[in-house]
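Undergrad: Residue numbers (full-length UniProt numbering), protein chains in the order written: chain A, 1 to 349; chain B, 1 to 349. Virtual Cβ for every residue (Gly too), placed ideally from N, Cα, C.
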DNA sequence: GCGGATCCAGAAAGCGCTCTCATGAACGGG
DNA sequence: CCCGTTCATGAGAGCGCTTTCTGGATCCGC
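(1) Mind listing which residues of the segment 245 to 277 of chain A have their C-beta closer than 8 Å to chain B's C-betas, in chain order?
(2) Please state whether DSSP places residue 347/A in a helix, a strand or coil.
(3) Determine which residues of the segment 121 to 140 of chain B have a Cβ less than 7 Å from any Cβ of chain A, and write them out in chain order.
(4) Across the segment 175 to 185 of chain B and the segment 138 to 150 of chain B, are there enough close Cβ pairs to call them in contact, namely three or more that are closer than 8 Å?
(5) What is the DSSP secondary structure of residue 141/A, reduced to helix, strand or coil?
(6) Who are the neighbours of residue 54/A on chain B, taking C-beta pairs under 8 Å?
(7) Does any CB atom of chain A fall closer than 7 Å to the CB of residue 353/B?
(8) When the Cα of residue 319/A is compared with those of 208/A, 66/A and 206/A, which residue comes out closest?
(9) Anything in chain B within Cβ reach of residue 186/A, meaning under 9 Å, just list it in chain order.
(10) Under the DSSP definition of a beta bridge, which residues are partnered with residue 353/A?
(11) On the CB-based measure, 16 or more other CB atoms within 10 Å of its CB, does residue 290/B come out buried or exposed?
(12) Under three-state DSSP, which class holds residue 183/B?
(13) Is the separation between the beta-carbon of residue 124/A and that of residue 103/A shorter than 7 Å?
(14) Checking contacts by CB at 7 Å: is residue 88/A closer than that to chain B?
(15) I'd like the span of the beta strand (DSSP E) that includes residue 209/B, first residue to last.
(16) Would residue 279/A and residue 349/A qualify as a contact pair, given that the criterion is a beta-carbon distance under 7 Å?
(17) Less than 7 Å separating the beta-carbons of residue 36/A and residue 15/A?
(18) If you measure beta-carbon to beta-carbon, which residues of the segment 280 to 300 of chain A are closer than 9 Å to chain B?
(19) Checking contacts by CB at 7 Å: is residue 27/B closer than that to chain A?
(20) By the criterion of Cβ-Cβ separation under 7 Å, what are the contact partners of residue 103/B in chain A?
(21) On a Cα-Cα basis, can you pick out the residue from 268/A, 205/A, 107/A and 131/A that is closest to residue 160/A?
(22) Nearest CA to the CA of residue 226/B: which residue from 134/B, 254/B and 313/B?
(23) Out of 188/A, 75/A and 138/A, which has the shortest C-alpha to C-alpha gap to residue 116/A?
(24) Counting C-beta neighbours from all protein chains within 10 Å, is the total for residue 112/B 16 or more, i.e. buried, or is it exposed?
(25) For the candidate residues 136/A, 62/A and 188/A, whose alpha-carbon lies nearest to that of residue 199/A?
(26) Using alpha carbons as the reference points, say which of 296/B, 293/B and 335/B lies closest to residue 311/B.
(27) Would a C-beta distance cut-off of 7 Å place residue 251/B and residue 194/B closer than the cut-off?
(28) From the DSSP output, which residues share a beta bridge with residue 29/B?
(29) In angstroms, rounded to a whole number, what distance separates the CA positions of residue 202/A and residue 155/A?
(30) Please give the ranges of any alpha helix (DSSP H) in the segment 190 to 276 of chain A, keeping only runs that are unbroken, at least 4 residues long and fully inside the region.
(31) From residue 114/A to residue 32/B, what distance separates their C-alpha atoms?
(32) Put residue 15/B into one of helix, strand or coil per three-state DSSP.
(33) Determine, for residue 59/B, whether the minimum Cβ-Cβ distance to residues of chain A falls below 7 Å.
(34) Determine whether the beta carbon atoms of residue 107/B and residue 72/B lie at a separation below 7 Å.
(35) So, is residue 41/A buried or exposed, given that buried needs 16 or more other C-beta atoms within 10 angstroms?
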């Protein structure tokens with residue numbers, strides 16, 4: 001009838017008593033064992049094992065002021081978040097890196113502006129050691145809110161404007177776009193159109209810039225604004241066909257728009273790639289390989305980007321969070337990272 | 001030159017001093033203000049506001065033994081995790097619900113069996129109040145490990161075997177499958193084939209069972225094993241075409257396999273839906289609406305399932321975690337929830 | 001108008017841990 | 001063989017908070 005009295009988890013005290021040493025010694029052993037003689041250390045370890053002792057994180061961070069936890073903030077109102085495996089892949093990279101450093105991942109999903117205050121409060125509350133923030137919209141208030149917390153931060157995707165103090169990790173949107181357009185040119189296409197993404201996102205702007213780098217004198221009629229959705233891609237493609245019936249290639253700012261473009265081209269009786277070559281961006285799984293025809297696209301290593309974000313953050317944490325001016329070697333802030341992209345050739349171009 | 005001395009966050013003590021009351025009073029106000037006279041309370045609140053006081057969670061949980069945090073454990077070796085927006089959508093539902101209850105979401109991504117021990121340790125370490133676990137494989141050790149922690153838990157997807165003590169939330173896989181197959185029958189199809197998922201996952205088994213419920217006497221040649229991937233779907237479809245050339249309908253266990261089946265059917269010169277009707281499962285965005293032709297499929301409300309998992313867990317937390325036998329009203333454990341599915345008709349069937 | 005019940009506020013004891021500091025043993029040099 | 005070091009260990013303070021317990025004021029009924 002009487003249950004076990006809820007098996008109280010063993011404390012440092014308990015381990016110390018059982019091993020016949022002081023709490024301080026057990027603490028030292030648990031934290032790496034520096035300055036404890038081997039025989040004593042192994043004795044303590046045995047007791048730790050035996051009792052199944054696990055340190056109480058709350059007690060520990062109360063005194064160390066470290067939490068071994070970082071917040072991952074994903075702010076995306078509805079669209080894209082998780083429609084697209086993008087964030088998932090990124091999370092995976094982050095998780096791997098954090099786990100390796102014995103840090104926890106606290107996930108904060110933000111959907112509405114009204115959540116911003118909550119996030120700010122949480123960060124200011126000092127429950128985590130740092131933050132990884134996904135902010136893709138220009139003129140977003142989130143970066144400022146996060147900065148106000150004073151927490152070491154790394155952005156995913158280039159924020160706008162860029163602040164020297166907070167590094168970011170992004171793929172080479174501009175370079176990837178250039179490569180895509182150059183490839184279309186190398187195929188002998190003379191009228192390369194571009195379907196942009198929503199231009200309030202830096203990635204969309206950068207891809208457009210890359211396109212312009214290669215065809216600086218492109219007719220404005222060859223550029224149509226999309227929104228990273230299949231429907232937007234369809235709309236843009238229809239526009240383009242009307243304005244520039246002679247086009248023979250399309251570079252879409254992402255795979256989703258490209259899939260929409262593909263559909264419209266098919267309906268219009270244009271063969272891909274014979275009449276019109278198409279290239280997307282992202283190499284989105286499982287979409288890109290399953291379109292009709294399979295999509296040539298620019299791939300970014302999303303998981304690796306996540307891992308880099310975490311690595312960057314952890315490194316700045318090691319150097320002590322927000323160290324004052326007293327720090328001996330200023331040791332430059334870790335710089336932002338731009339990862340390379342690679343053109344994946346399939347059938348559409 | 002001299003930086004501000006790192007602006008120490010105000011403590012309860014500071015607020016108390018400033019408001020001219022004791023720490024205890026401030027604590028009471030911060031935690032709801034029960035038993036404090038209105039004028040005093042509002043005075044304290046003003047100071048809290050003024051100083052931007054945020055309680056230190058570590059200190060609080062040290063004494064309350066609550067953490068206002070829930071672990072979300074996603075165990076999927078490579079495949080599917082985040083290739084598929086499934087978990088992302090689920091996370092969103094969970095996040096919304098937890099946020100509303102002021103709880104944190106600690107994400108634990110598990111890739112290999114070797115990570116299981118780490119998870120077990122983390123849970124046993126008592127850093128979270130409960131756990132939400134995604135466990136779809138039969139005979140997986142994870143459920144046992146999680147149960148060993150003694151933490152209140154809710155599973156996502158029916159675990160196998162089911163334990164009375166830990167509820168789960170799943171969609172009505174079997175019922176959804178039945179509806180799909182019945183729909184095919186109602187279209188006048190007489191030879192309905194089935195491409196299964198990997199049969200070590202309960203969802204795949206349940207969908208197969210649903211298929212069998214409707215066509216109990218189906219020829220074994222009409223069933224081919226897939227693995228929830230497009231490639232598996234292609235393989236299975238080819239097999240089926242060879243074994244049962246007369247088939248006129250296919251129910252694929254998920255949209256990904258259905259997309260593979262579609263491709264093989266097209267190559268084989270079978271028109272969809274005229275010659276062969278096809279139905280998938282999941283209503284996976286953005287795939288299902290973009291296949292050729294658009295896929296008829298069984299939709300499950302993933303986000304809602306996530307929200308329900310969180311709600312179930314929070315409810316059992318409110319009733320006190322792992323209350324002993326002394327609890328006055330046993331108040332039945334929250335029961336598992338099976339959410340309904342809905343058939344989404346597009347073009348393929 | 002007095003005694004007892006009621007209620008609000010404060011004092012103080014920890015929660016489990018880390019870390020500084022003091023202590024004493026072991027050691028080596030003169 | 002003694003003294004100054006060095007180094008491993010233990011004692012104890014305290015991180016910021018909640019919560020019991022207690023004191024004192026207020027209120028009610030008789």
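TA: Reading from the atomic positions:
(1) 256, 259 and 263
(2) Here the question's residue 347/A lines up with position 347 in the first chain. The answer is coil: DSSP assigns residue 347/A none of H, G, I, E or B.
(3) 121, 124, 125, 126 and 127
(4) Contact fails: fewer than three Cβ-Cβ distances are below 8 Å.
(5) Counting from 1 along the first chain, the entry for residue 141/A is found at position 141. Of the three classes helix, strand and coil, the one that applies to residue 141/A here is coil, per DSSP.
(6) To locate residue 54/A, count along the first chain from 1; it is residue 54. In chain order: 121, 124, 125 and 126.
(7) No information on residue 353/B is available, as it lies outside the stretch 1 to 349 that chain B covers here.
(8) Translated into positions along the first chain, residue 319/A becomes position 319. Answer by Cα proximity: 66/A.
(9) Sequence index remark: in the first chain, residue 186/A carries index 186 (1-based). Simply none; closest approach about 29 Å.
(10) Since the first and last residues shown for chain A are 1 and 349, residue 353/A lies out of range.
(11) For the purposes of this step, residue 290/B is taken as residue 290 along the second chain, with counting starting at 1. Buried, because 16 or more other Cβ atoms sit within 10 Å of the Cβ of residue 290/B.
(12) On the second chain, position 183 is the one that residue 183/B refers to. Judged by DSSP in its simplified three-state form, residue 183/B adopts helix.
(13) Walking along the first chain from the start, residue 124/A turns up at place 124. Walking along the first chain from the start, residue 103/A turns up at place 103. Result no, Cβ atoms of residue 124/A and residue 103/A do not sit closer than 7 Å.
(14) Residue 88/A sits at position 88 when you count from the first residue of the first chain. Yes, contact with chain B.
(15) In the second chain, counting from the first residue as 1, residue 209/B sits at position 209. Run containing residue 209/B: none in the beta strand (DSSP E); it sits in the alpha helix (DSSP H), 202 to 214.
(16) In the first chain, the residue the question calls residue 279/A occupies position 279. In the first chain, the residue the question calls residue 349/A occupies position 349. Result yes, Cβ atoms of residue 279/A and residue 349/A sit closer than 7 Å.
(17) Walking along the first chain from the start, residue 36/A turns up at place 36. Walking along the first chain from the start, residue 15/A turns up at place 15. Not a contact, by the Cβ cut-off of 7 Å.
(18) Residues 284, 285, 286, 287, 289, 290, 291 and 292.
(19) Your numbering for residue 27/B matches position 27 in the second chain. It does not; no Cβ of chain A falls within 7 Å.
(20) Position 103 of the second chain, counted from the start, is the residue given in the question as residue 103/B. The contacting residues do not exist; residue 103/B stays about 11 Å from chain A at best.
(21) Within the first chain, the letter at position 160 stands for residue 160/A. Closest option to residue 160/A, Cα to Cα, is 205/A.
(22) Taking the second chain and counting its residues from 1, the one referred to as residue 226/B is at position 226. Measuring from the Cα of residue 226/B, the nearest candidate turns out to be 254/B.
(23) On the first chain, residue 116/A is found 116 positions in, with the first residue counted as 1. Closest by alpha carbon: 75/A.
(24) Position 112 of the second chain, counted from the start, is the residue given in the question as residue 112/B. It counts as exposed.
(25) Within the first chain, the letter at position 199 stands for residue 199/A. Residue 136/A is the option with its Cα nearest to residue 199/A.
(26) The residue you call residue 311/B lines up with position 311 of the second chain. With distances taken between Cα atoms, residue 311/B lies closest to 335/B.
(27) The residue labelled residue 251/B in the question sits at position 251 within the second chain. The residue labelled residue 194/B in the question sits at position 194 within the second chain. Result yes, Cβ atoms of residue 251/B and residue 194/B sit closer than 7 Å.
(28) Position 29 of the second chain holds residue 29/B. Residue 29/B is not bridged to any residue.
(29) Start at 1 with the first residue of the first chain, and residue 202/A comes out as number 202. Start at 1 with the first residue of the first chain, and residue 155/A comes out as number 155. Each residue's alpha carbon lies about 13 Å from the other.
(30) 202 to 214, 230 to 243 and 255 to 267
(31) Position 114 of the first chain, counting from 1, holds the residue named residue 114/A. Position 32 of the second chain, counting from 1, holds the residue named residue 32/B. Straight-line Cα distance between these residues: approximately 23 Å.
(32) In the second chain, counting from the first residue as 1, residue 15/B sits at position 15. It is helical.
(33) For this step, residue 59/B is matched to residue 59 along the second chain. Output row for residue 59/B: interface = yes.
(34) Counted from its first residue, the second chain places residue 107/B at position 107. Counted from its first residue, the second chain places residue 72/B at position 72. Yes, these two residues count as a Cβ contact at 7 Å.
(35) The count along the first chain starts at 1 and reaches residue 41/A at position 41. By the neighbour-count rule (16 or more Cβ atoms within 10 Å), residue 41/A is buried.
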